[in-house]
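Position in the sequence shown (from 1) plus 2 gives the number in the working numbering. Yeah, the Cβ is synthetic: ideal placement off N, Cα and C, and Gly gets one too. I have placed the structure first, in the form of structure tokens, so that the comments after it can refer back to it.
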Amino acid sequence: MILPKTNRLSDAQVNELTAIVSEFGCSIQPIIGAVRTIYAILGDERDKLMINRIEGLPYVDRVDRIQSPFKLMDRRSDLASHRISLGGVTLGEELFVIAGQCTIDPQNPHFFYETAAAVKEAGGQVIRGGVWKPRTNPYSFQGDHKSLDILMEASRRTGLPVDAEVMDEVHLKMALDAGVHMLQIGARNALNYSLLSSIGKAIAERDTVVLLKRSIHMGPIEEFIAAAEYIASFGNPNILLCPRGTKPGMDGYRNHPDESITPLLKEKSWAPVVVDPSHSVGRAAYVPACAMAAVAYGADGLCMEAHVEPIKGIGDDPKQALNPAALAQTISQAKALWNLTRGAIPATV
Ligand code: PEP
Ligand code: MN
């Protein structure tokens, strides 16, 4: 990773660097951070001669040789000062909340509009809504691209950004064309490296934020962070790591709750952690406790399923979604705990 002396290199300087690294079979990828742009060397960057030549250039401060499979997302990376903001919140400065329906019902858009209003009222910053759904049962409702219009209309009505899962390149293009602000990569696709790369390429020049769920099957923490690196390596490091429970599950819960990995993730990566308690425990009654545990473990945010009338929802909503009162109470308690544990004076304790 090349750290320049200035905030950004000129085209001529980037061309000079590119010419040097290409002699060693590598290429240069600019990564735009909050303070300055850094330049990743893609390929085998261990060649001492190449590093010496780069470090000899007058506009290069130093070459950082973090030996890590995720050198951009690594805590030691220069990007550690990068801040991600969405919905008026900068991650790390206050509790960040994504909430909304598991699945948008295209036959009943009014539920989604009412849910979106309830999320705003409860203090959420991003509205989630499943347009395309990864269903275990191939005969279950798979989502409907018409729901994309409903999602964007909810964004217009509330003024809040929206989050939707994309499962392939067709969804990706449709979501970006429609103006979806946050792309969710689900637990089933979290290790789909070609999809991760396609998303990375598609958002390289945008300020889109990605919510990357942890793979459904427990893997090493490094595997999770390296999946984020696949996206960041194309130039957009706006990635939130989302533990959402893993398999094998825990009796009584939908999955094995994994909010406890938050401190471990933070030890290795600077990326904000946004925990999804809904898919972890799988029942609305257990979601508030799991959300509080996540905040206690140091999570920067929560992603929760909510529905104005859960029983009339589809997908996971009848079981998992919080109703507006439960959502408002969970957000307010989670915010109080966040403030308490982050040293701010709590509103109510
Ligand atoms: C969802 O968010 O509705 C979803 C399907 O999540 P996951 O990928 O975590 O199962
Ligand atoms: Mn769901």
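- For Pro250, the closest alpha carbon among the candidates His173, Gly300 and Ile218 is that of Ile218.
- Assignment of Asp63 by DSSP, reduced to helix, strand and coil, places it in the strand class.
- Annotation: the continuous alpha helix (DSSP H) that includes Ile333 extends over Pro326 to Thr343.
- Thr117: member of the alpha helix (DSSP H) spanning Pro111 to Ala124, first to last residue.
- For Phe98, the enclosing beta strand (DSSP E) has its first and last residue at Phe98 to Gln103.
- In this structure, Phe114 lies away from Gln127, with their beta-carbon atoms at least 8 Å apart.
- One alpha carbon belongs to Ala228, the other to Leu304, and they sit about 22 Å apart.
- Pro290 carries a helical assignment under DSSP once its states are collapsed to helix, strand and coil.
- Boundaries for Lys135: no beta strand (DSSP E) harbours it, and the DSSP string shows neither H nor E there.
- Closest in alpha carbon position to Met176, among Pro71, Leu162, Val211 and Trp134, is Trp134.
- The beta carbon of Gly35 sits closer than 8 Å to the beta carbons of Asp80, Leu81, Ser83, His84 and Pro239 from its chain, once the five residues preceding and following it are set aside; these are given in chain order.
- Setting aside the 5 residues that flank it on each side, Thr20 is surrounded in the same chain by Ile30, each with a C-beta closer than 6 Å to its C-beta; the list follows chain order.
- Scanning Gln109, Asn257 and Ile233 for the CA closest to the CA of Asp146 turns up Gln109.
- DSSP assignment within the segment 245-293 yields the following whole alpha helix (DSSP H) runs of 4 residues or more, N-terminal first: 264-270 and 279-283.
- Taking each of Leu243, Val212, Lys203 and Ile53 in turn and checking the Cα distance to Glu225, the smallest one comes out for Leu243.
- Per the Cβ contact rule, the segment 301-319 is in contact with the segment 277-289 (3 or more Cβ pairs under 8 Å).
- At the C-beta level, Ile233 and Ile201 come within 8 Å of one another.
- Assignment of Tyr299 by DSSP, reduced to helix, strand and coil, places it in the coil class.
- Here the C-alpha atom of Arg208 lies approximately 17 Å from the C-alpha atom of His173.
- DSSP places Val172 in the uninterrupted alpha helix (DSSP H) bounded by Glu171 to Ala180.
- Within the same chain, Gly45 and Asp46 come within 8 Å of Gly27 by CB-CB distance, once the 5 residues on both sides are set aside.
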